[in-house]
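Just so we're aligned, residue 1 is where the sequence shown starts under UniProt numbering, counting upward by one. The structure under discussion appears below in the form of structure tokens.
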Amino acid sequence: MLMDTGSSFSWLQCQPCAIRCYTQADPLFDPTRSTTYKFLSCPSSECSSVEAATLNAPFCDLLSGGCVYTATYGDASFSRGYLSEDLLTLTPSQILPHFVFGCGQNNVGLFGRSSGIIGLARHKLSMIAQLSTKYGYAFSYCLPRAGSPSGGGGFLSIGKILASSYKFTPMITDSQDPSLYFLRLTDISVAGTPIKVDAAEYKVRTIIDSGTVITRLPTSVYDALRQAFVKIMSTKYVQAPAYSILDTCFRGSLQSMKVVPQIRMVFQESAELNLGAANVLVEADSGVMCLAFAGNNEISIIGNHQQQTFGVAYDVASLRIGFAPNTCR
1 MLMDTGSSFS WLQCQPCAIR CYTQADPLFD PTRSTTYKFL SCPSSECSSV EAATLNAPFC
61 DLLSGGCVYT ATYGDASFSR GYLSEDLLTL TPSQILPHFV FGCGQNNVGL FGRSSGIIGL
121 ARHKLSMIAQ LSTKYGYAFS YCLPRAGSPS GGGGFLSIGK ILASSYKFTP MITDSQDPSL
181 YFLRLTDISV AGTPIKVDAA EYKVRTIIDS GTVITRLPTS VYDALRQAFV KIMSTKYVQA
241 PAYSILDTCF RGSLQSMKVV PQIRMVFQES AELNLGAANV LVEADSGVMC LAFAGNNEIS
301 IIGNHQQQTF GVAYDVASLR IGFAPNTCR
């Protein structure tokens with residue numbers, strides 16, 4: 001399943017896929033084979049909580065009386081199905097009864113070959129919130145390098161965090177989106193030199209989101225970052241046309257580009273991400289590498305491409321987010 005810190009609701013594709021399912025790697029979950037599974041009815045308290053978790057009002061299936069959820073995402077992907085509960089088994093000795101999730105019967109979008117979404121944001125229906133009474137309100141992960149030959153190396157750890165391994169920045173709660181993980185970006189440098197922007201430009205709301213690929217920055221900040229990056233890269237490599245939202249591209253491969261300036265992102269209280277070539281560039285097409293950042297004036301987003309191979313810790317109980325380099329196993 002895909003981890004998503006930008007949403008709270010967890011769901012997976014279920015038999016009988018009454019309307020449609022995309023192709024996934026593992027067999028579909030069959031609720032009829034679980035003696036502990038049940039779908040939740042419309043009057044339930046869980047059904048009343050679905051709208052806050054998904055930002056979509058549930059409705060009642062007139063035939064079964066079941067609570068029907070709809071989870072939608074920024075790329076127009078969605079899942080719709082029955083609000084359900086079952087045992088969540090993490091290990092043979094670690095079991096959570098009455099885990100609330102969605103049993104998807106109509107699922108469309110860019111979910112790869114995953115079984116569904118694990119919602120890791122802060123609403124009470126998120127997996128992390130449901131597990132918090134048993135394991136503590138904290139989790140950490142490391143996203144492996146995209147396209148790594150082994151396809152592994154990452155992890156999701158629930159519960160206690162080894163705090164000494166991380167440099168922390170405050171986790172900010174925003175009244176407009178209280179379930180999301182906000183933090184404060186304070187500075188960006190390229191090849192050791194801070195980009196030329198006024199400090200006030202960093203005051204745009206910033207979230208960290210494992211479900212967004214490319215980092216978005218305020219347009220003025222992105223323009224300054226792009227200018228500093230191009231100044232160095234254009235002396236070594238031939239520029240290529242823009243590719244969708246990626247407007248700063250060069251001809252070559254990650255292996256052939258020996259001189260790529262490091263980008264350093266600094267957060268409140270000096271937590272930082274020091275980004276090497278693989279976190280700075282993304283392959284847009286064969287032989288074309290692009291700067292993995294884009295402009296966006298509504299909100300800043302620290303995307304998953306920049307998080308890859310870093311340990312990222314969410315100590316929700318203590319309201320702090322931590323970063324540690326080279327943590328994937």
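For each residue, glycine too, the CB sits at the ideal point set by N, CA and C.
If I follow the unbroken beta strand (DSSP E) through residue i, where does it start and stop?
i, result
"Asp187", "Leu185 to Val190"
"Ile263", "Ile263 to Phe267"
"Val238", "Segment: none, Val238 is in no beta strand (DSSP E) and carries neither H nor E."
"Asn274", "Glu272 to Leu275"
"Gly116", "Gly116 to Gly119"
"Gly6", "Taken as a continuous stretch (DSSP letters only), Gly6 belongs to no beta strand (DSSP E), as it is neither H nor E."
"residue 332", "The structure shown does not extend to residue 332, since the chain is modelled only from 1 to 329, so the question has no answer here."
"Cys249", "Cys249 to Arg251"
"Leu156", "Phe155 to Ile158"
In the structure shown, what three-state DSSP assignment does residue i receive?
i, result
"Asp174", "coil"
"Arg329", "coil"
"Thr215", "strand"
"Ile232", "helix"
"Ala292", "coil"
"Gln307", "helix"
"Thr32", "helix"
"Lys227", "Note on identity: in this sequence residue 227 is Gln, with Lys being the wrong assignment. Residue state, collapsed to three classes: helix."
"Tyr202", "helix"
"Gly41", "First, the amino acid is wrong: residue 41 is Ser here, not Gly. It is a strand residue."
"Tyr166", "coil"
"Tyr73", "coil"
"Val280", "helix"
"Ser286", "coil"
"Val221", "helix"
"Ile208", "strand"
"Arg320", "strand"
"Gln105", "strand"
"Val100", "strand"
"Pro144", "coil"
So, is residue i buried or exposed, given that buried needs 16 or more other C-beta atoms within 10 angstroms?
i, result
"Thr169", "buried"
"Asp26", "exposed"
"Asn297", "exposed"
"Val238", "exposed"
"Glu85", "buried"
"Glu269", "exposed"
"Asn279", "buried"
"Leu275", "buried"
"Val282", "buried"
"Val260", "buried"
"Gly74", "exposed"
"Thr173", "exposed"
"Gly322", "buried"
"residue 367", "Nothing can be reported for residue 367, as the shown portion of the chain is limited to 1 through 329."
"Asp198", "exposed"
Considering just the uninterrupted stretch of the alpha helix (DSSP H) at residue i, what are its terminal residues?
i, result
"Ile302", "First-last for Ile302: Ser300 to Ile302, but that is the beta strand (DSSP E), not the alpha helix (DSSP H)."
"Met127", "Met127 to Tyr135"
"Glu51", "Ser45 to Thr54"
Taking 7 Å as the limit between beta carbons, can you name the residues of its chain near residue i, skipping five residues before and five after?
i, result
"Gly65", "Ser41 and Cys42"
"Ala284", "Tyr243, Leu246, Cys249 and Cys290"
"Ser165", "Gly311 and Ala324"
"Gln24", "Gln13, Arg113, Ser114 and Ser115"
"Tyr222", "Phe293, Ala294 and Gly295"
"Ile19", "Gln105 and Asn106"
"Phe229", "Val190, Thr248, Pro261 and Leu291"
"His123", "Ser8, Ala52, Ala53, Ala129 and Ser179"
"Gly153", "Pro144, Cys328 and Arg329"
"Met127", "Ser10, Ile118, Gly119 and Leu120"
"Ser256", "none"
Based on the DSSP output, what are the partners of residue i in its beta bridges?
i, result
"Thr23", "DSSP lists no partner for Thr23."
"Ala138", "Asp315"
"Ile95", "Thr89"
"Val260", "BP columns for Val260 are empty, so no partner."
"Val68", "Phe59 and Tyr82"
"Leu246", "Tyr243"
"Ala18", "For Ala18, which the question treats as bridged, DSSP gives no partner whatsoever."
"Phe182", "Ile172 and Ile207"
To which residues of the same chain is residue i closer than 8 Å at the C-beta, ignoring the five residues directly before and after it?
i, result
"Ala71", "Ser7, Phe9, Trp11, Thr54, Asn56, Phe78, Ser79, Arg80, Gly102 and Ile117"
"Asn304", "Leu143, Asp209, Ser210, Gly211, Thr212 and Val213"
"Leu2", "Phe111, Gly112, Ser114, Gly116, Ile117, Ile118 and Gly211"
"Pro218", "Glu201, Tyr202, Val204, Gly295, Asn296, Asn297 and Ser300"
Using C-beta distances below 6 Å, list every residue in its chain close to residue i, excluding the 5 sequence neighbours before and after it, in chain order.
i, result
"Arg226", "Thr248"
"Tyr137", "Val316 and Ala317"
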